[in-house]
Structures are given as structure tokens and as C-alpha cells.
Amino acid sequence: MLETAEEIAALQGLLDRSHAGATGHLRNIVHAGRTLTAEDLAGVLVGMKVLSVATVTATGEPRISALDGHFLHGTWTFSTAGSAAKARHIERRPAVSVAHIDGEEFAVFSHGWAEQIFPVDDDWKETLEHWTNYYDSSPLSWGEDVRMYRLAPHWMVGYAADRLGVLSRRGIGVDSA
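Counted from 1, the sequence shown has number 64 at position 65 by numbering that gives the first Met the number 0; the numbering is strictly sequential.
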């Protein structure tokens, strides 16, 4: 868990705004006892998580693919090859939807913008080191044009069918939220 207290507070604010602005249908499913907090997400989203990342083609058709994702500092980071269709989509239309679904136990749904991370960015070094330590090789060694992204979310909801059970099974201390 790399999140600072300020990042947890900002993520909690995003989660609260997203849930408050959600449709009644969503709020009927993701309600007290099923809503994951920012601290919960930082605890359960450790290590690599398979993400479903949806992009949009030039003709407005949705495309979805699975990517490795790492939740760092309260948002997702992910990578792909520059030659991948999703890289072209993101370059031209950076709006994406990102979901991580862990069976029927819990899920995180996000909408926002994919921002490519560059060596001049403040979080480049830490992000690259995290990924390199996880895989025992630098993602930059995986091909000629590997691109790293972070999600700049404007909407995010965390769901657990049984919040206390999910957290307990993962050894995460729980509060009464």
C-alpha cells in the first residue's frame, strides 16, 4: 500500500461523489455493507490485478481487453505495446473505463482518462520500480514501444458482496464503514 493519507482522503472523496451521483439501480446494489472504502481498496488491490480496459474506436465502437494493472497512489497503472489498437485508441480518445472483478467477491469500476506516463513525470521512477520489482524485469524490456499509463479517474465505485468477509479473508482489519 503506497497511498498517503492525502491520497486516501482524495480517493474517498471520489468514491463518495461517485456513489452519490450513481443511479438508483446502482445504489440498490452497492449499498451499506457492500461499499468498499478507499482504505479497503488500497488493502485489497495489492499486487497485479487483471483489468478490463474499455477504449473506443474512431467510429465510436467499444473495445475491451485485459491488461495487467497495479493500483498505486489511489489509481490504476497499466501498460501495453505502442503497436496495440488500445494504444492508438487512447492516444486519440483517452476516455476509458476500467474494471477489476474478482469473481463474485468484489469489484472496482472506474471511468476516467488514460494518461501516458513519461520519464519526465514525477511518478515515472516509482511506477517503473514498482512494476520492475513485481515482475523481476523492467516493463520497458518487454518490447520496443512499451507504454505506461495511469488512470485519471472522475468516477469510481468499489463493491463487495460481503465487505467484512472479503476484508477478513484477505487479512485486512475492518472498521464499521
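Ideal Cβ placement from N, Cα and C applies to all residues, glycine included.
Over the uninterrupted beta strand (DSSP E) stretch that includes residue i, give me the two end residues.
| i | result |
| --- | --- |
| Val45 | Counting along the chain, Val45 falls outside any beta strand (DSSP E), and DSSP gives it neither H nor E. |
| Asp67 | 61–71 |
Is the CB-CB distance between residue i and residue j below 8 Å?
| i | j | result |
| --- | --- | --- |
| Val156 | Ala53 | no |
| Gly111 | Val95 | yes |
| Gly208 | Tyr134 | As displayed, the chain neither begins before 0 nor continues past 176, which places residue 208 out of reach and without an answer. |
| Ala113 | Pro93 | yes |
| Pro138 | Ser78 | yes |
Between residue i and the rest of its own chain, which residues show a CB-CB distance below 7 Å, the 5 nearest in sequence each way excluded?
| i | result |
| --- | --- |
| Gly32 | Arg162 |
| Ala159 | Arg33, Leu35, Glu104, Phe105, Val165 |
| Pro61 | Ala53, Val55 |
Can you find the residues in the same chain that come closer than 6 Å, C-beta to C-beta, to residue i, ignoring five residues on each side of it along the sequence?
| i | result |
| --- | --- |
| Val63 | Here residue 63 turns out to be Ile, not Val, going by the sequence shown. These residues qualify, in order along the chain: Ser51, Ala53. |
| Trp75 | Gly68, Val97, Leu150 |
| Ala41 | Met0, Glu2 |
| Phe70 | Leu44 |
Straight-line CA distance for residue i to residue j?
| i | j | result |
| --- | --- | --- |
| Ser136 | Thr126 | 13 Å |
| Ser82 | Asp144 | 7 Å |
| Pro118 | Trp141 | 17 Å |
| Glu90 | Val43 | 30 Å |
| Ile28 | Asp101 | 16 Å |
| Val170 | Gly59 | Here the sequence assigns Gly to residue 170, which means Val is not the residue at that position. If you take the alpha carbons of Gly170 and Gly59, they lie about 43 Å apart. |
| Leu13 | Ala57 | 29 Å |
| Lys124 | Trp130 | 10 Å |
Between which two residues does the alpha helix (DSSP H) harbouring residue i extend?
| i | result |
| --- | --- |
| Trp2 | Note that residue 2 is Glu in the sequence shown, not Trp. Here Glu2 belongs to no alpha helix (DSSP H), and DSSP marks it neither H nor E. |
| Val165 | 162–168 |
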